[in-house]
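Positions in the sequence shown are counted from 1; adding 648 to them yields our numbering.
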Amino acid sequence: MQTTIDSNDQADFKDNGFVIKRNFFSQDETDLLFGLATDESVTSHAFDLKDTNGNRTKLTLWFTPGDDSFGLMSRSERMVNAVQSLLGTEGKVCHFHSKVMQKEPQKGGAWEWHQDYGYWYKNGFLYPEAMISVMVALTDATIENGCLQVLKGTHKMQRLEHNFVGEQQGADADFVAEAEKVSELVYVELKAGDTLFFHSNILHRSDANLSDKPRWSVISAYNLSYNKPFREKHTSCIEPVKVVSDAALLESGKRVVAHSDFLSKEAEITLQDVKRS
Ligand SMILES: O=C(O)CCC(=O)C(=O)O
649 MQTTIDSNDQ
659 ADFKDNGFVI
669 KRNFFSQDET
679 DLLFGLATDE
689 SVTSHAFDLK
699 DTNGNRTKLT
709 LWFTPGDDSF
719 GLMSRSERMV
729 NAVQSLLGTE
739 GKVCHFHSKV
749 MQKEPQKGGA
759 WEWHQDYGYW
769 YKNGFLYPEA
779 MISVMVALTD
789 ATIENGCLQV
799 LKGTHKMQRL
809 EHNFVGEQQG
819 ADADFVAEAE
829 KVSELVYVEL
839 KAGDTLFFHS
849 NILHRSDANL
859 SDKPRWSVIS
869 AYNLSYNKPF
879 REKHTSCIEP
889 VKVVSDAALL
899 ESGKRVVAHS
909 DFLSKEAEIT
919 LQDVKRS
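Spelled out as structure tokens, the structure:
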């Protein structure tokens, strides 16, 4: 297990907009997290977003990281240190939100080309450089089951316009078409426990899961404390993470999620509608 970010990782992140750390979480940790991902405390708060073919992808999203197993994962020393090493030391690492992505076999929907900052800009964050997403694979992610795809280096293009595509927001199609001509498409195939760190402005998407295998992951988004949004009511994104030891996750065993700030589909769609106007 190699859980520290070194200067090569920093250079890759700067040049390519993403870094993959293999086995960032161990098999035991991943088993524990997958067990929780399929627990009623998570699945009962899931909502779905339709893709353009009508396939639905489910997600459960919350803001403040708690003492549950996902909270201990997202607050772990290795995670927070890695994020700090990639974003820099100008601010403290804060947790914006986490979401369990539930791409079910044979029907889990696709995601349009987008930049995370295409969404987050609308929450009033000023600095994309202070934001990052971290995807921890809870099952193997392959081309067949709709792994994430990135256009290498597109974080350097800065933010593109985003518009509604069905229930999702997609980056301006003309810009994406040009970006596809000049950027390498990378299928981010991961083993369970592998972890992808990706820049808030990198273009990414995924295909529907038409295989017979699930593709589940947890994505935690982080922000540096100086990047104070002027249109975001949740405050976790400017509260420094209360870091826990790397051992805490396994030591605590499975701890269910009991948040008061789960996002509902209605809230998500309304939020996007408001941001659109
Ligand atoms: O998990 C996926 O397939 C895509 C997720 C994604 O693009 C996102 O959450 O920004």
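No residue lacks a Cβ here, since even glycine has one placed at the ideal position from N, Cα and C.
Counting only the Cα atoms, K881 lies some 31 Å from L680.
Selection E760, V784, G665, T790 evaluated against M749 yields V784 as nearest (Cα-Cα). Looking at the DSSP output, C742 shares a beta bridge with N871, P888. Given a length threshold of 3 residues, each whole run of the beta strand (DSSP E) inside the segment 750 to 831 is given here in chain order: 759 to 762, 779 to 785, 796 to 799, 810 to 813, 816 to 819. DSSP lists L844 as the beta-bridge partner residues of I668.
Contact between the segment 829 to 840 and the segment 750 to 765 is not established, with fewer than three Cβ pairs separated by less than 8 Å.
According to DSSP, residue pairing for S724 in a beta bridge involves V892.
Restricting attention to I780, W710, L786, E826, the CA atom closest to the CA of L684 is found in L786.
When secondary structure is reduced to three states using DSSP, N701 falls in the coil class, being assigned neither helix nor strand. The segment 716 to 725 makes contact with the segment 884 to 898; the number of CB pairs closer than 8 Å reaches 3 or more.
D687 sits in coil when the DSSP states are folded into three classes, being neither helix nor strand. Taking the Cα positions, D820 is about 21 Å away from E777.
Cβ neighbours of G665 within its own chain (closer than 8 Å, five residues either side excluded): V798, K800, G801, T802, H803, K804, F846, H847, N849, I850. Set against 7 Å, the gap from the CB of S865 to the closest heavy atom of ligand 1 is smaller. Note on geometry: alpha-carbon atoms of T652 and W864 lie some 24 Å from one another.
Setting aside the 5 residues that flank it on each side, Q754 is surrounded in the same chain by N857, L858, S859, D860, each with a C-beta closer than 8 Å to its C-beta; the list follows chain order. With contacts defined by Cβ atoms closer than 8 Å, S692 and S900 do not form a contacting pair. In terms of CA proximity to T843, A789 leads the group V813, A789, K698, L808. With the rule of 3 Cβ pairs closer than 8 Å, the segment 868 to 887 does not count as touching the segment 825 to 832. Here the distance from the Cβ of G794 to the nearest heavy atom of ligand 1 is below 7 Å. One Cα belongs to E738, the other to Y775, and the distance between them is close to 12 Å. Within the same chain, and ignoring the five residues on either side of R670 in sequence, the residues whose Cβ sits closer than 6 Å to its Cβ are D842. Comparing C-alpha distances from L911 to each of I668, K706, L734 shows the shortest one belongs to K706. In chain order, R704, K706 place their CB closer than 6 Å to the CB of D696, counting only its own chain and leaving out the 5 sequence neighbours on each side. Residue state for L898 is assigned as helix, using DSSP reduced to three classes. Between the alpha carbons of R879 and G766 lies a gap of roughly 14 Å. Between the beta-carbon of K747 and that of I867 there is about 5 Å, and that keeps the pair under the 8 Å contact cut.
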